[in-house]
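Just so you know, the sequence shown maps onto residues 239 to 597 in this note's numbering. In this text, a Cβ means the ideal position worked out from N, Cα and C, and glycines have one as well. Following: one structure in structure tokens, then a few remarks.
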Amino acid sequence: MNAQPTSSLDRAPQVNVSSYIRGTGMSVPDRVIPNSYFESYLETNDQWIRERTGIIERRWAEPTMSMSDLALPACERAIASAGLTAADIDGIVVATVTPDYVFPSTACVLQKKLGIRGSLAFDVNAVCSGFVYALVTAEGLVRSGAATNMLVVGADMFSRLIDPNDRTTAILFGDGAGAMVLSAAGESNTAPTGGPRVPVIGSPRTTRGIYGSQLHADGSHGDLLCVPGGTAAPVTPESLRDNKHYLTMNGREIFKLAVRGLAEVSDSLLKRHGMEVGDVDHYISHQANARILTAVAKQLGLPVEKLALNVEKYGNTSAARVPLLLAECVSTGRVQQGDLVLISAFGAGLTWGAVLVRM
Ligand code: UT7
């Protein structure tokens, strides 16, 4: 006699997996900027920052450090934790809006610094959702057979973009990098033959890998969070003089749209896979503001103990937020192999998305 299904995971359809997270790593600059730093020259205070954002401190890189300098240790740690060497990496995608140069891409710079050649390498720009976009892109490349071990990096240095005299934004952002190795799963972990890989079909209770994803964008709200400096808004001596080259944000609007976007995309992705929020072991979401995350958890009915948080230590590190949090949770043992993790992010563009993965 068949056992009665006991949870939505028993009723959920089988999963179709082409890649799995094989290793993670993170790096942050040494320099700690506590809330008291801003009290010294802005009309703000530690209590306001903690209560309205959850942030206690953030890290800012020294001016001599480049994005790739900061990201390299995260990449090396991810590769080592995957049990691989740099020579095994055959694809690099870096999510960043603070690259070393306009071009070449930071992915190409990192490829050189890692001492490898020939692998595909490129950057993606989806701001705070960048890592989720990069991960979904990498998953597609592995699934297609174009790569076997993708290095997926989220890295940003927003200390270079903020107006230090704008109390509404200067307090929010930090610098950081996170990386992961995404490898071909199971039987499909063979050399590409020129065609798509054969995916692993398995139980959603036990099969490791990326189960699915959803990405969204709404360019009509691009003005809510932006940094001028491109061909449409070049930096000129006048714009520099008037401090018009810095990041600007309508925080209140972004806050509302972030709560809605994160909750909707998370719920929709779970439903698409026949799962419920109770099946998720950890919710690893973009960390811009602790209040955004508690509001999202409430809307989803997610118990707060499943909500991973480290915004208090690093602030909003943009594309680095998700991989930095995931790598920290793996290194502390909070996230274990076999756990079901729901990843989500929201950022400028506007862009948002989610990925469902069993570690
Ligand atoms: O990565 C994705 C992008 N970013 C985000 O998701 C950020 C989303 N937004 C937020 O996190 C919040 O909107 C903020 C933290 C930016 C602001 O918090 P809020 O609770 O939405 O504050 P508010 O903008 O409604 O401002 C309330 C008051 C204002 O004063 P008045 O007009 O009421 O007199 C602000 O001028 O707080 C004032 N304020 C501050 N006061 C002390 C704004 N920043 C500060 C500050 N210190 N640093």
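Check the DSSP bridge columns for residue i and list the partner residues they point to.
i              : result
asparagine 554 : Phe411
methionine 388 : Gly329, Leu420
glycine 221    : With the chain covering only 239 through 597, there is no way to say anything about residue 221.
valine 270     : Arg297
glycine 591    : Leu453, Ala583
cysteine 567   : DSSP output for cysteine 567 lists no bridge partner at all.
leucine 463    : Met487
Can you look up residue i in the DSSP assignment and give me helix, strand or coil?
i              : result
methionine 305 : helix
glycine 489    : helix
aspartate 480  : coil
serine 397     : helix
threonine 344  : helix
serine 257     : strand
serine 523     : strand
serine 245     : coil
methionine 239 : With a pLDDT of only 46 at methionine 239, under 50, the local geometry of the prediction cannot be trusted, and the value read off the model is given with reservation. In the structure shown, methionine 239 sits in coil (DSSP, three-state: anything other than H, G, I, E or B).
serine 265     : strand
leucine 545    : strand
leucine 540    : coil
glycine 499    : helix
glycine 468    : coil
aspartate 504  : Residue 504 is actually serine in this sequence, not aspartate. Helix.
Can you tell me where the alpha helix (DSSP H) holding residue i begins and where it ends?
i              : result
serine 582     : Premise fails: serine 582 lies in the beta strand (DSSP E), 578 to 585, not in any alpha helix (DSSP H).
tyrosine 371   : 368 to 382
isoleucine 287 : 284 to 291
How would you write the range of the beta strand (DSSP E) that residue i sits in, first residue to last?
i              : result
aspartate 456  : It is not in any beta strand (DSSP E) - aspartate 456 carries neither H nor E in the DSSP assignment.
alanine 359    : 358 to 362
isoleucine 439 : 438 to 440
Quick one, are the C-beta atoms of residue i and residue j less than 8 Å apart?
i             : j              : result
serine 582    : serine 504     : yes
lysine 536    : tyrosine 521   : no
arginine 446  : methionine 597 : yes
aspartate 338 : serine 304     : yes
cysteine 313  : alanine 526    : no
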